[in-house]
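Data first, discussion second: the structure below is written as C-alpha coordinates.
Residue numbers (our numbering): 441 to 694.
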(Lines of atoms letter the chains of each structure in order from A and count residues from 1; the text may use other names and numbers.)
(Lines give C-alpha, C1' and ligand atoms only; values in the text may rest on other atoms or scores of the structure.)
Protein backbone atom coordinates (compact mmCIF):
# COMPACT_ATOMS: atom_id res chain seq x y z
CA UNK A 1 0.00 0.00 0.00
CA UNK A 2 1.38 3.41 -1.00
CA UNK A 3 1.85 5.79 1.93
CA UNK A 4 0.53 9.19 0.88
CA UNK A 5 2.41 12.14 2.29
CA UNK A 6 0.87 15.32 3.64
CA UNK A 7 2.81 17.53 1.24
CA UNK A 8 0.85 18.80 -1.77
CA UNK A 9 2.75 17.82 -4.91
CA UNK A 10 0.30 19.29 -7.41
CA UNK A 11 -2.41 21.85 -6.71
CA UNK A 12 -4.94 22.76 -9.40
CA UNK A 13 -7.04 25.75 -8.40
CA UNK A 14 -10.16 26.70 -10.38
CA UNK A 15 -8.64 26.02 -13.80
CA UNK A 16 -10.66 27.24 -16.77
CA UNK A 17 -9.86 26.89 -20.46
CA UNK A 18 -11.97 28.49 -23.17
CA UNK A 19 -11.56 28.03 -26.90
CA UNK A 20 -13.67 30.87 -28.25
CA UNK A 21 -17.17 30.20 -26.99
CA UNK A 22 -16.39 26.63 -25.93
CA UNK A 23 -15.44 25.96 -22.31
CA UNK A 24 -13.24 22.85 -22.44
CA UNK A 25 -12.26 22.87 -18.75
CA UNK A 26 -14.60 24.58 -16.32
CA UNK A 27 -13.53 25.42 -12.77
CA UNK A 28 -11.48 22.32 -11.95
CA UNK A 29 -9.75 22.13 -8.57
CA UNK A 30 -7.93 19.31 -6.78
CA UNK A 31 -4.80 18.49 -4.77
CA UNK A 32 -2.49 15.58 -5.52
CA UNK A 33 -0.24 14.73 -2.59
CA UNK A 34 3.23 13.23 -2.56
CA UNK A 35 2.97 9.50 -3.21
CA UNK A 36 -0.70 9.66 -4.15
CA UNK A 37 -2.20 7.98 -7.23
CA UNK A 38 -5.15 9.76 -8.83
CA UNK A 39 -7.19 9.11 -12.00
CA UNK A 40 -9.11 11.53 -14.20
CA UNK A 41 -12.00 9.80 -15.96
CA UNK A 42 -14.87 10.82 -18.18
CA UNK A 43 -16.39 10.16 -21.61
CA UNK A 44 -14.80 11.37 -24.83
CA UNK A 45 -14.84 15.16 -24.97
CA UNK A 46 -14.96 15.48 -21.18
CA UNK A 47 -11.88 17.73 -21.09
CA UNK A 48 -9.38 15.21 -19.72
CA UNK A 49 -6.62 15.75 -22.29
CA UNK A 50 -7.08 19.52 -22.20
CA UNK A 51 -6.70 19.41 -18.41
CA UNK A 52 -3.46 17.43 -18.78
CA UNK A 53 -2.11 19.95 -21.27
CA UNK A 54 -2.94 22.81 -18.90
CA UNK A 55 -1.14 21.08 -16.03
CA UNK A 56 1.89 20.25 -18.19
CA UNK A 57 2.13 23.81 -19.52
CA UNK A 58 1.39 22.91 -23.13
CA UNK A 59 -1.68 25.15 -23.01
CA UNK A 60 -2.15 28.39 -21.10
CA UNK A 61 -5.22 28.49 -18.86
CA UNK A 62 -7.85 31.16 -19.36
CA UNK A 63 -7.96 31.52 -15.59
CA UNK A 64 -6.97 29.63 -12.46
CA UNK A 65 -3.60 28.44 -11.23
CA UNK A 66 -1.32 25.40 -11.07
CA UNK A 67 1.17 24.88 -8.24
CA UNK A 68 3.98 22.32 -8.10
CA UNK A 69 5.08 21.70 -4.51
CA UNK A 70 3.72 25.11 -3.52
CA UNK A 71 5.36 27.09 -6.36
CA UNK A 72 2.95 28.80 -8.75
CA UNK A 73 3.93 27.60 -12.24
CA UNK A 74 0.87 29.01 -14.03
CA UNK A 75 2.94 31.32 -16.21
CA UNK A 76 5.79 28.86 -16.77
CA UNK A 77 6.45 26.89 -19.95
CA UNK A 78 6.26 23.12 -20.16
CA UNK A 79 10.08 22.95 -20.04
CA UNK A 80 10.20 24.96 -16.82
CA UNK A 81 7.48 22.81 -15.28
CA UNK A 82 9.54 19.75 -16.20
CA UNK A 83 12.51 21.26 -14.37
CA UNK A 84 10.23 21.79 -11.38
CA UNK A 85 9.66 18.04 -11.23
CA UNK A 86 6.82 17.21 -13.62
CA UNK A 87 7.06 14.57 -16.35
CA UNK A 88 4.48 13.01 -18.64
CA UNK A 89 3.77 10.35 -21.23
CA UNK A 90 1.61 10.90 -24.31
CA UNK A 91 -1.41 9.13 -25.75
CA UNK A 92 0.32 9.11 -29.16
CA UNK A 93 3.82 7.63 -29.08
CA UNK A 94 6.76 9.98 -29.67
CA UNK A 95 9.38 7.22 -29.89
CA UNK A 96 11.84 6.80 -32.79
CA UNK A 97 10.75 3.55 -34.40
CA UNK A 98 13.85 3.06 -36.56
CA UNK A 99 16.20 3.27 -33.56
CA UNK A 100 16.83 0.65 -30.92
CA UNK A 101 15.28 0.70 -27.48
CA UNK A 102 18.62 1.66 -25.91
CA UNK A 103 19.21 4.42 -28.47
CA UNK A 104 15.85 5.99 -27.66
CA UNK A 105 16.84 6.13 -24.00
CA UNK A 106 20.30 7.52 -24.91
CA UNK A 107 18.66 10.32 -26.91
CA UNK A 108 16.40 11.14 -23.98
CA UNK A 109 19.48 11.32 -21.75
CA UNK A 110 21.24 13.61 -24.23
CA UNK A 111 18.23 15.90 -24.25
CA UNK A 112 18.70 16.41 -20.51
CA UNK A 113 22.13 17.98 -21.10
CA UNK A 114 22.33 21.71 -21.63
CA UNK A 115 25.34 21.33 -23.94
CA UNK A 116 24.01 18.26 -25.63
CA UNK A 117 26.47 18.19 -28.54
CA UNK A 118 29.61 18.37 -26.41
CA UNK A 119 31.59 15.07 -26.52
CA UNK A 120 31.02 12.82 -23.54
CA UNK A 121 34.04 12.11 -21.33
CA UNK A 122 34.75 8.40 -20.85
CA UNK A 123 33.40 8.46 -17.31
CA UNK A 124 30.20 10.13 -18.49
CA UNK A 125 29.80 7.55 -21.25
CA UNK A 126 30.05 4.80 -18.64
CA UNK A 127 27.53 6.54 -16.43
CA UNK A 128 25.21 7.01 -19.38
CA UNK A 129 25.44 3.29 -20.18
CA UNK A 130 24.60 2.46 -16.58
CA UNK A 131 21.66 4.88 -16.66
CA UNK A 132 20.31 3.25 -19.83
CA UNK A 133 20.57 -0.21 -18.27
CA UNK A 134 18.89 0.92 -15.05
CA UNK A 135 16.09 2.70 -16.92
CA UNK A 136 15.29 -0.39 -19.00
CA UNK A 137 15.56 -2.71 -15.99
CA UNK A 138 13.02 -0.56 -14.13
CA UNK A 139 10.40 -1.47 -16.74
CA UNK A 140 11.64 -5.03 -17.45
CA UNK A 141 12.96 -4.19 -20.92
CA UNK A 142 16.71 -4.70 -20.45
CA UNK A 143 16.54 -7.85 -22.60
CA UNK A 144 15.09 -5.77 -25.47
CA UNK A 145 17.79 -3.07 -25.47
CA UNK A 146 19.09 -3.90 -28.96
CA UNK A 147 15.67 -4.31 -30.60
CA UNK A 148 14.27 -1.64 -32.93
CA UNK A 149 11.36 0.19 -31.32
CA UNK A 150 9.24 -0.52 -34.40
CA UNK A 151 9.59 -4.23 -33.60
CA UNK A 152 8.34 -3.91 -30.04
CA UNK A 153 4.79 -4.78 -29.11
CA UNK A 154 2.49 -1.87 -28.32
CA UNK A 155 2.71 -2.77 -24.63
CA UNK A 156 6.50 -2.76 -24.69
CA UNK A 157 6.45 0.67 -26.32
CA UNK A 158 4.30 1.92 -23.44
CA UNK A 159 6.81 0.46 -20.97
CA UNK A 160 9.63 2.27 -22.77
CA UNK A 161 7.74 5.57 -22.70
CA UNK A 162 7.33 5.27 -18.94
CA UNK A 163 11.03 4.47 -18.52
CA UNK A 164 11.93 7.60 -20.49
CA UNK A 165 9.49 9.73 -18.49
CA UNK A 166 11.23 8.59 -15.30
CA UNK A 167 14.75 9.51 -16.49
CA UNK A 168 14.59 12.98 -14.96
CA UNK A 169 13.59 11.48 -11.59
CA UNK A 170 10.34 13.49 -11.55
CA UNK A 171 8.30 14.14 -8.46
CA UNK A 172 5.01 14.17 -10.42
CA UNK A 173 4.19 11.82 -13.31
CA UNK A 174 1.28 12.33 -15.73
CA UNK A 175 0.21 9.19 -17.61
CA UNK A 176 -2.01 9.86 -20.65
CA UNK A 177 -4.13 6.76 -21.34
CA UNK A 178 -1.27 4.30 -20.79
CA UNK A 179 -3.48 1.25 -21.44
CA UNK A 180 -4.95 2.48 -24.73
CA UNK A 181 -4.72 -0.21 -27.39
CA UNK A 182 -3.14 -2.81 -25.12
CA UNK A 183 -4.10 -6.48 -24.99
CA UNK A 184 -5.32 -7.97 -21.73
CA UNK A 185 -1.91 -9.56 -21.11
CA UNK A 186 -0.18 -6.22 -21.76
CA UNK A 187 -2.55 -4.49 -19.34
CA UNK A 188 -1.51 -6.92 -16.62
CA UNK A 189 2.14 -6.01 -17.20
CA UNK A 190 1.30 -2.29 -17.21
CA UNK A 191 -0.72 -2.60 -14.00
CA UNK A 192 2.24 -4.23 -12.26
CA UNK A 193 4.62 -1.60 -13.60
CA UNK A 194 2.50 1.29 -12.31
CA UNK A 195 2.23 -0.40 -8.92
CA UNK A 196 6.03 -0.60 -8.76
CA UNK A 197 6.60 3.10 -9.44
CA UNK A 198 8.57 4.90 -6.70
CA UNK A 199 6.33 5.19 -3.62
CA UNK A 200 6.97 8.90 -3.13
CA UNK A 201 6.08 9.72 -6.76
CA UNK A 202 2.76 11.51 -7.25
CA UNK A 203 0.93 9.97 -10.23
CA UNK A 204 -1.99 11.45 -12.18
CA UNK A 205 -3.44 9.34 -14.98
CA UNK A 206 -6.10 9.60 -17.64
CA UNK A 207 -7.52 6.18 -18.38
CA UNK A 208 -10.55 4.75 -20.18
CA UNK A 209 -10.00 1.31 -18.67
CA UNK A 210 -12.14 1.73 -15.58
CA UNK A 211 -10.94 -1.43 -13.86
CA UNK A 212 -7.35 -0.25 -14.25
CA UNK A 213 -8.05 3.31 -13.14
CA UNK A 214 -10.10 2.32 -10.10
CA UNK A 215 -7.73 -0.46 -9.08
CA UNK A 216 -4.53 1.61 -9.19
CA UNK A 217 -5.62 4.89 -7.66
CA UNK A 218 -6.69 6.25 -4.29
CA UNK A 219 -8.68 9.17 -5.67
CA UNK A 220 -10.74 9.69 -8.83
CA UNK A 221 -11.99 12.85 -10.53
CA UNK A 222 -14.77 12.50 -13.10
CA UNK A 223 -15.28 15.21 -15.72
CA UNK A 224 -18.27 15.73 -18.01
CA UNK A 225 -18.25 18.48 -20.61
CA UNK A 226 -15.27 20.00 -18.80
CA UNK A 227 -17.10 20.19 -15.47
CA UNK A 228 -16.13 18.14 -12.37
CA UNK A 229 -19.13 16.02 -11.44
CA UNK A 230 -17.57 13.77 -8.80
CA UNK A 231 -14.34 13.30 -6.86
CA UNK A 232 -13.47 10.86 -4.13
CA UNK A 233 -12.36 7.32 -3.44
CA UNK A 234 -12.76 4.89 -6.37
CA UNK A 235 -15.69 3.07 -4.77
CA UNK A 236 -17.51 6.34 -4.07
CA UNK A 237 -17.09 7.58 -7.63
CA UNK A 238 -18.11 4.23 -9.12
CA UNK A 239 -21.33 4.31 -7.06
CA UNK A 240 -22.16 7.96 -7.83
CA UNK A 241 -25.47 8.03 -9.76
CA UNK A 242 -24.40 10.91 -12.01
CA UNK A 243 -21.12 9.20 -12.89
CA UNK A 244 -22.92 5.95 -13.67
CA UNK A 245 -25.27 7.83 -15.97
CA UNK A 246 -22.75 9.88 -17.92
CA UNK A 247 -19.80 7.50 -18.03
CA UNK A 248 -19.68 4.21 -16.19
CA UNK A 249 -23.16 3.27 -17.35
CA UNK A 250 -22.20 3.89 -20.97
CA UNK A 251 -19.12 1.76 -20.57
CA UNK A 252 -21.13 -1.03 -19.05
CA UNK A 253 -19.13 -0.96 -15.83
CA UNK A 254 -20.80 -2.09 -12.65
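Ideal Cβ placement from N, Cα and C applies to all residues, glycine included.
None of the values given here were measured: they were computed from a predicted structure.
In chain order, what residues of the same chain lie with their CB nearer than 6 angstroms to the CB of residue 527, ignoring the 5 residues before and after it?
605, 608, 610 and 613
Is residue 450 near the ligand MG, in the sense that its beta carbon is under 8 angstroms from a heavy atom of that ligand?
Here there are no bound small molecules, and the ligand MG is not part of this structure.
Do you know offhand how far residue 653's Cα is from residue 491's?
17 angstroms
By how many angstroms is the C-alpha of residue 583 removed from the C-alpha of residue 683?
42 angstroms
So, using beta-carbon positions, are residue 589 and residue 572 closer together than 9 angstroms?
no
DSSP three-state call for residue 668: helix, strand or coil?
strand
6 angstroms Cβ shell around residue 601 - same chain, five flanking residues per side excluded:
529
Between the Cα of residue 496 and those of 502, 506 and 487, spot the shortest distance and give me the residue it belongs to.
506
Below 8 angstroms, can you find three or more Cβ-Cβ pairs linking the region 470 to 479 to the region 448 to 462?
yes
Residue from 641, 647, 593 and 656 with nearest C-alpha to residue 625
593
Candidates 454, 481 and 510: closest to residue 494 by CA position
454
Return the chain-ordered ranges of every alpha helix (DSSP H) run that is complete within the region 461 to 545 and spans a minimum of 4 residues.
488 to 496 and 518 to 523
Can you tell me whether residue 454 is helix, strand or coil according to DSSP?
strand
Report the three-state DSSP secondary structure of residue 653 (helix, strand or coil).
helix
Secondary structure at residue 588, three-state DSSP: helix, strand or coil?
strand
Nearest to residue 665 by alpha carbon, out of 531, 503, 483 and 477?
483
Strictly under 9 angstroms for the Cβ-Cβ distance: is residue 572 near chain D by that measure?
Although the question refers to chain D, the structure presented lacks it and comprises just one protein chain.
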